[in-house]
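J.: Below is the structure I would like to discuss, written out as structure tokens.
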Amino acid sequence: ASVMHRWASPDMLKVITGEQEFNGYEDSKLAMILFTSEHRRRYANTNVTSFAVNPGFVRSSIWRDLLSLPVVGMLWQALTATFALSPAQGAATAVAAATQTFDSPPLYLAPYYVPTWLPL
Numbered sequence: 017a018s019v020m021h022r023w024a025s026p027d028m029l030k031v032i033t034g035e036q037e038f039n040g041y042e043d044s045k046l047a048m049i050l051f052t053s054e055h056r057r058r059y060a061n062t063n064v065t066s067f068a069v070n071p072g073f074v075r076s077s078i079w080r081d082l083l084s085l086p087v088v089g090m091l092w093q094a095l096t097a098t099f100a101l102s103p104a105q106g107a108a109t110a111v112a113a114a115t116q117t118f119d120s121p122p123l124y125l126a127p128y129y130v131p132t133w134l135p136l
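Numbered as in the working numbering, the sequence shown ends at 136 without a single skipped number.
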């Protein structure tokens with residue numbers, strides 16, 4: 017998952033039926049959260065659970081095209097070196113989802129603080 021789901025199309029049914037344009041990355045992140053929610057509903061009375069996992073802002077090869085741009089690449093490298101998580105740190109959220117026991121499992125796991133007022 018990703019916080020980018022916040023900018024997804026407000027009506028996913030219209031996206032699915034083709035009545036509204038698909039916003040690619042954002043809509044796919046919202047779809048993952050909706051899938052997780054439905055999976056939980058269907059398996060509510062079992063020992064099966066699921067999580068939408070946000071690895072966070074990770075220094076990974078997804079940004080490789082930015083690095084080839086002269087000025088932007090240099091700025092992006094400085095930004096990611098300062099603020100982005102390492103791939104191992106980004107994986108920690110998924111590892112926690114797979115290995116930890118939760119009394120009340122959250123639907124959405126993120127590696128950083130998410131304010132309680134932010135509806136996810």
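C-beta: ideal position from N, C-alpha, C; glycine also. Everything numeric in this text was worked out from a predicted model, so none of it was measured.
Under 8 Å by Cβ, that's how I've got G72 and L101 pegged, so tell me the actual separation to the nearest angstrom.
T.: Right, the Cβ-Cβ distance comes to about 5 Å (below 8 Å), so this counts as a contact.
J.: Could you work out which residue in S77, S44, Q105 is closest to W92 when comparing CA atoms only?
T.: S77
J.: Of all the options R75, A24, T65, T33, which has the alpha carbon lying nearest to the alpha carbon of G106?
T.: R75
J.: DSSP puts L125 in a beta bridge; with which residues?
T.: V69
J.: Relative to the C-alpha of P127, which residue among T117, A110, S120 is closest?
T.: A110
J.: For P131 and P122, I'd like the C-alpha separation in whole angstroms.
T.: Low per-residue confidence applies at P131: pLDDT is 49, beneath 50, and the placement is therefore not dependable, though the value from the model is reported in the following sentence. Rounded to whole angstroms, P131 to P122 spans 14 Å at the Cα level.
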